[in-house]
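Line order of the protein sequences matches chains A and B.
Residue numbers for the first sequence follow our numbering, beginning at 323 and rising by one.
Residue numbers for the second sequence follow our numbering, beginning at 127 and rising by one.
Glycine residues also receive a C-beta, built at the ideal position from the N, C-alpha and C atoms.
Just so it is clear, the structure is predicted and the values come from calculations on it, not from any experiment.
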Amino acid sequence: MSDSIFSEEELKIEIIRVMKTLYGRGLVSALGGNVSARIPGSDTIWITPSGIFKGDLKPDDLVKISLDGDVIEGFMRPSIEWPMHTVIYRVRPDVNAVIHAHNPITTGLALAGIELKPITVEAVVTLRSVPVIPFAYPGTDELAKLVAERVMGVRALILQNHGVVALGYNLVEAEAIVETLEEVATTQLVAMLASGGREPLMIPEKDRELISRLYLR
Amino acid sequence: MVELWGYTGRIARVNLSDGRAFIEEVKTEYIDLVLGGVGLASLMLFIEVDPRIDAFSPLNKLVFAVGPLTGTIVPGSSRAVVAARSPLTLGWGESHLGGFWGVELKKAGFDALLIEGKADTPTYIYIDDGEIEFRDASRLWGLKTSESEKTILSELEDPEVKVACIGPAGEKLVRYASIVSGERVAGRTGLGAVMGSKKLKAIAVRGRQQVRVRWFDKLRSMIARLYPSIMSFPTTQLLSSYGTNGEMDSFYQYGDVPIRNFTLGEWNGISKIEGQSMVRNYLKRHRACFGCPIGCWKEARINDPRYGLIEGRMPEYESAASLGSLLLNDDPASLIYMEKLCNDYGFDVISAGATIAWAIECFTKGLITIDDTKGLQLRWGDPDLIADLLEMIGERKGFGYMLGEGCRLASKIIGRGSERYAMHVKGLEMPMHDPRAFKGMGLQYATSNRGACHLQGLVMRVEQGERIPDLKIYRRFQRFEIEGKGWLVATMQDWHHVLESLGLCKFVQIPPGHVAGFYFLVAGVEKRLPELQRCGERISNIQRMFNIVAGVTSKDDILPDRFLSEPLGEGGAKGQVVELKPMIEEYYKVRGWDDRGIPTREKLKDLSILDIVESRLRSLGVDTWS
Numbered sequence: 323m324s325d326s327i328f329s330e331e332e333l334k335i336e337i338i339r340v341m342k343t344l345y346g347r348g349l350v351s352a353l354g355g356n357v358s359a360r361i362p363g364s365d366t367i368w369i370t371p372s373g374i375f376k377g378d379l380k381p382d383d384l385v386k387i388s389l390d391g392d393v394i395e396g397f398m399r400p401s402i403e404w405p406m407h408t409v410i411y412r413v414r415p416d417v418n419a420v421i422h423a424h425n426p427i428t429t430g431l432a433l434a435g436i437e438l439k440p441i442t443v444e445a446v447v448t449l450r451s452v453p454v455i456p457f458a459y460p461g462t463d464e465l466a467k468l469v470a471e472r473v474m475g476v477r478a479l480i481l482q483n484h485g486v487v488a489l490g491y492n493l494v495e496a497e498a499i500v501e502t503l504e505e506v507a508t509t510q511l512v513a514m515l516a517s518g519g520r521e522p523l524m525i526p527e528k529d530r531e532l533i534s535r536l537y538l539r
Numbered sequence: 127m128v129e130l131w132g133y134t135g136r137i138a139r140v141n142l143s144d145g146r147a148f149i150e151e152v153k154t155e156y157i158d159l160v161l162g163g164v165g166l167a168s169l170m171l172f173i174e175v176d177p178r179i180d181a182f183s184p185l186n187k188l189v190f191a192v193g194p195l196t197g198t199i200v201p202g203s204s205r206a207v208v209a210a211r212s213p214l215t216l217g218w219g220e221s222h223l224g225g226f227w228g229v230e231l232k233k234a235g236f237d238a239l240l241i242e243g244k245a246d247t248p249t250y251i252y253i254d255d256g257e258i259e260f261r262d263a264s265r266l267w268g269l270k271t272s273e274s275e276k277t278i279l280s281e282l283e284d285p286e287v288k289v290a291c292i293g294p295a296g297e298k299l300v301r302y303a304s305i306v307s308g309e310r311v312a313g314r315t316g317l318g319a320v321m322g323s324k325k326l327k328a329i330a331v332r333g334r335q336q337v338r339v340r341w342f343d344k345l346r347s348m349i350a351r352l353y354p355s356i357m358s359f360p361t362t363q364l365l366s367s368y369g370t371n372g373e374m375d376s377f378y379q380y381g382d383v384p385i386r387n388f389t390l391g392e393w394n395g396i397s398k399i400e401g402q403s404m405v406r407n408y409l410k411r412h413r414a415c416f417g418c419p420i421g422c423w424k425e426a427r428i429n430d431p432r433y434g435l436i437e438g439r440m441p442e443y444e445s446a447a448s449l450g451s452l453l454l455n456d457d458p459a460s461l462i463y464m465e466k467l468c469n470d471y472g473f474d475v476i477s478a479g480a481t482i483a484w485a486i487e488c489f490t491k492g493l494i495t496i497d498d499t500k501g502l503q504l505r506w507g508d509p510d511l512i513a514d515l516l517e518m519i520g521e522r523k524g525f526g527y528m529l530g531e532g533c534r535l536a537s538k539i540i541g542r543g544s545e546r547y548a549m550h551v552k553g554l555e556m557p558m559h560d561p562r563a564f565k566g567m568g569l570q571y572a573t574s575n576r577g578a579c580h581l582q583g584l585v586m587r588v589e590q591g592e593r594i595p596d597l598k599i600y601r602r603f604q605r606f607e608i609e610g611k612g613w614l615v616a617t618m619q620d621w622h623h624v625l626e627s628l629g630l631c632k633f634v635q636i637p638p639g640h641v642a643g644f645y646f647l648v649a650g651v652e653k654r655l656p657e658l659q660r661c662g663e664r665i666s667n668i669q670r671m672f673n674i675v676a677g678v679t680s681k682d683d684i685l686p687d688r689f690l691s692e693p694l695g696e697g698g699a700k701g702q703v704v705e706l707k708p709m710i711e712e713y714y715k716v717r718g719w720d721d722r723g724i725p726t727r728e729k730l731k732d733l734s735i736l737d738i739v740e741s742r743l744r745s746l747g748v749d750t751w752s
């Protein structure tokens with residue numbers, strides 16, 4: 323929304339840093355996951371390329387595209403998820419970074435039909451309510467459309483059978499959301515496994531009243 | 127001159143009576159005491175304006191000021207303040223402006239613009255990078271704000287110029303006239319009418335200077351890594367997607383949304399006028415003020431047979447409630463039209479809605495007659511009637527003349543017990559948060575220096591469950607309890623004065639500890655958080671002294687009787703009234719004021735402003751403490 327405080331070259335380096343961090347944490351895999359960042363105030367984004375090994379990306383591998391998907395700079399093919407990224411930038415001008423990651427535990431819990439509970443302060447304050455989007459084939463208009471319908475007012479989405487999408491004003495924020503999702507999901511999984519599947523203890527309603535009234539309707 | 131960072135160190139003093147302008151240095155001791163923005167404006171007006179004068183007198187002065195963080199890369203640093211003696215409250219008047227105008231003033235090289243005197247003929251001021259020019263505004267006089275802005279931009283042939291102007295309401299001295307810049311509005315306390323009284327139509331500014339930041343690279347790095355936390359405030363994404371009206375449904379659950387002049391707790395029209403549905407149906411585009419990561423500013427587009435094609439600002443929560451639920455109007459398209467009417471004529475939507483609500487309630491009770499309204503049949507829930515009344519206010523025609531006085535003065539003129547239904551504090555009409563739903567808000571309204579103000583403290587956030595450890599707000603304050611609310615309100619009011627003095631928006635919720643860090647990195651001056659809070663406390667006390675001299679005293683630290691004695695029969699605040707007296711007593715005690723609500727000499731001495739205050743009172747011939 324406002325002009326960027328970083329140059330495009332710095333933005334590209336930051337995308338690579340985020341990708342490597344997430345790869346190191348097992349949240350994106352060799353071929354799964356993609357990251358993009360908008361040049362604030364513009365209609366163009368830098369996005370990771372399709373099909374290339376994600377653990378060792380270089381700034382020169384990134385592709386600059388318009389919100390219509392036209393390649394403006396770069397030599398590689400943009401991520402096939404570009405329609406999902408660009409639809410988010412279109413409807414959420416406050417978002418300048420989108421990460422699609424393959425969080426194994428977050429995705430696994432969703433596949434088991436278990437929603438994330440308000441079990442930690444981060445789950446309440448950082449994640450609030452995370453909608454689950456039904457399966458649609460990756461890279462399709464259908465997926466982009468489903469995402470567009472649910473993306474207002476949220477910081478993250480879970481894509482059933484696919485992974486997660488995290489949003490941020492900048493890359494650091496989106497990265498923090500991806501990591502928080504997996505942290506909360508892991509904590510919840512441990513609690514449920516250790517208790518034989520019981521619902522975990524939650525932060526009392528009185529201490530999460532504002533969030534509940536705003537987001538959990 | 128001491129080298130300053132963040133601040134420009136310069137004030138433009140403009141006298142409309144003799145057409146002269148001077149550039150002065152900002153006194154660094156002032157900055158040390160009260161920072162910039164509202165702090166600087168408060169101190170300047172306290173020292174220079176006799177608070178007892180007529181607000182429309184040439185002796186009244188109008189200050190526009192920005193803060194040291196305004197125009198920097200700190201998120202939400204767009205804000206400017208306008209202040210003067212208010213024609214509506216007859217005491218301290220201030221209002222705040224987002225958008226881009228304040229940043230331009232800063233880039234033009236000024237921390238403040240002080241306007242004195244009165245022009246003989248309509249005038250506008252053009253500030254171009256430190257050069258100040260008086261220009262003829264005769265052909266602008268009578269134009270609506272959007273037309274005025276367009277005409278000035280075309281005359282100056284520079285699309286980068288930022289214009290703050292008044293509309294017909296300001297010219298005709300509607301007591302709650304606003305100052306408009308683009309679609310951003312300094313709406314409260316009638317400062318547009320002060321501009322009108324000075325025959326000042328607009329201030330156009332163009333600046334090309336960089337704001338000097340002491341430690342830019344460190345600031346940039348800190349901000350980039352703070353976004354996960356800055357954007358984690360609960361309302362942030364809701365504001366981004368839907369604007370402030372995105373919270374209406376949540377407010378309604380608390381019984382907070384005023385309905386039918388604060389007499390009902392439930393109403394089935396909410397779902398039609400709340401922001402999420404309005405954005406889905408009428409959004410043209412999202413917009414953001416300078417440097418804002420949130421962008422709660424929305425633009426609407428409607429094509430309605432009654433109004434034709436209307437493009438303008440999407441109603442914020444305060445507009446949607448004051449022209450909607452308060453008047454039982456559930457027609458969303460009409461709200462977009464009315465928002466445009468208010469901004470084009472240049473008057474405050476909150477005061478307009480509350481004054482119309484007073485009139486309708488009095489009419490239904492037989493206290494206002496058809497003779498008073500000059501033939502108009504007033505009734506609830508009639509968008510055509512409301513739109514007509516708004517036009518009449520803007521033009522000051524017919525019954526609109528009376529409504530343009532604000533509900534306090536209008537009810538005094540009408541009499542017959544109608545005063546009981548005028549919802550205001552110190553003459554400023556109530557904002558759209560029912561204090562029976564959040565009792566701390568009741569105390570905040572009662573004690574805010576500019577009258578019923580929801581923004582100077584936003585205590586309801588804490589009463590909704592926010593904790594702010596940096597300000598020592600550790601525990602959960604329940605909304606219906608009164609224990610500790612005196613301390614809470616004073617703490618939050620002081621903190622909000624700090625934000626207003628630095629030039630920050632309150633909706634970009636930066637943790638206070640980080641704000642102190644930003645101040646250090648921008649201004650190069652180490653002021654830890656408690657020192658900043660002391661600056662805020664000084665500002666509260668200086669404004670309070672201004673009010674006391676103006677005759678606005680503890681007798682005015684009250685709420686309309688409705689909130690003290692009439693519980694709602696339904697909704698989220700059912701059965702509640704505000705127990706104001708004990709909260710006021712605690713508040714005065716916490717503030718170090720005596721039981722008449724007057725700051726004690728000891729308190730002022732402790733705040734290092736006793737000398738300034740005593741010297742000023744002596745020159746005014748006022749002995750406050752005897």
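Does residue i come out as helix, strand or coil in the three-state DSSP assignment?
i, result
"Gly391 (chain A)", "coil"
"Cys488 (chain B)", "helix"
"Ile385 (chain B)", "strand"
"Val417 (chain A)", "coil"
"Tyr368 (chain B)", "helix"
"Pro522 (chain A)", "coil"
"Asp75 (chain B)", "Past the boundaries of the shown model lies residue 75 (chain B); chain B is included only from 127 to 752, so the question cannot be answered."
"Arg539 (chain A)", "The predicted model places Arg539 (chain A) with a pLDDT of 45, which falls under 50 and marks its position as unreliable; any figure quoted below should be read in that light. In the structure shown, Arg539 (chain A) sits in coil (DSSP, three-state: anything other than H, G, I, E or B)."
"Asp343 (chain B)", "helix"
"Thr448 (chain A)", "helix"
"Asp144 (chain B)", "coil"
"Met323 (chain A)", "Legend: pLDDT at Met323 (chain A) = 38, less than 50; position of this residue unreliable, value from coordinates given subsequently. Three-state result, Met323 (chain A): coil."
"Glu283 (chain B)", "coil"
"Val86 (chain B)", "Residue 86 (chain B) is absent from the model: chain B starts at 127 and stops at 752."
"Asp158 (chain B)", "helix"
"Ala317 (chain B)", "Note on identity: in this sequence residue 317 (chain B) is Leu, with Ala being the wrong assignment. Helix, per DSSP."
If you measure between the beta carbons of residue i and residue j, is that distance less than 8 Å?
i, j, result
"Lys153 (chain B)", "Ile241 (chain B)", "no"
"Asn371 (chain B)", "Met549 (chain B)", "no"
"Arg136 (chain B)", "Glu151 (chain B)", "yes"
"Ala432 (chain A)", "Val506 (chain A)", "no"
"Ile327 (chain A)", "Arg346 (chain B)", "yes"
"Arg605 (chain B)", "Pro693 (chain B)", "no"
"Arg314 (chain B)", "Leu597 (chain B)", "no"
"Pro453 (chain A)", "Arg472 (chain A)", "yes"
"Gly318 (chain B)", "Ile305 (chain B)", "yes"
"Asp255 (chain B)", "Arg334 (chain B)", "yes"
Bridge partners of residue i, per DSSP?
i, result
"Glu425 (chain B)", "B:Arg411, B:Arg439"
"Gly461 (chain A)", "DSSP output for Gly461 (chain A) lists no bridge partner at all."
"Val189 (chain B)", "B:Ala209, B:Leu240"
"Gly490 (chain A)", "A:Ala419"
"Trp368 (chain A)", "A:Ala359, A:Lys386"
How about the stretch 450–465 of chain B and the stretch 507–514 of chain B: do they share at least three Cβ pairs that are nearer than 8 Å?
Look at the beta carbons and you see the stretch 450–465 of chain B touching the stretch 507–514 of chain B: at least three pairs across the two are nearer than 8 Å.
Hey, is the stretch 432–445 of chain A in contact with the stretch 400–410 of chain A, meaning 3+ C-beta pairs nearer than 8 Å?
no
The stretch 570–584 of chain B touching the stretch 605–621 of chain B, judged by at least three CB pairs closer than 8 Å:
yes
Does the stretch 179–194 of chain B come within contact of the stretch 276–288 of chain B, defined as at least 3 CB pairs closer than 8 Å?
no
Whole alpha helix (DSSP H) runs in the stretch 637–717 of chain B with 4 or more residues, listed along the chain?
Fully enclosed alpha helix (DSSP H) runs of 4 or longer: 638–649, 655–676, 687–691, 706–717.
Would you check if there are 3 or more beta carbon pairs closer than 8 Å linking the stretch 358–368 of chain B to the stretch 658–675 of chain B?
no
Assess contact between the stretch 241–256 of chain B and the stretch 341–357 of chain B, defined as three or more Cβ pairs (one per stretch) separated by less than 8 Å. Is contact present?
no
Closer than 8 Å is the cut-off here; do at least three beta carbon pairs connect the stretch 522–530 of chain A with the stretch 286–300 of chain B?
No contact exists between the stretch 522–530 of chain A and the stretch 286–300 of chain B.
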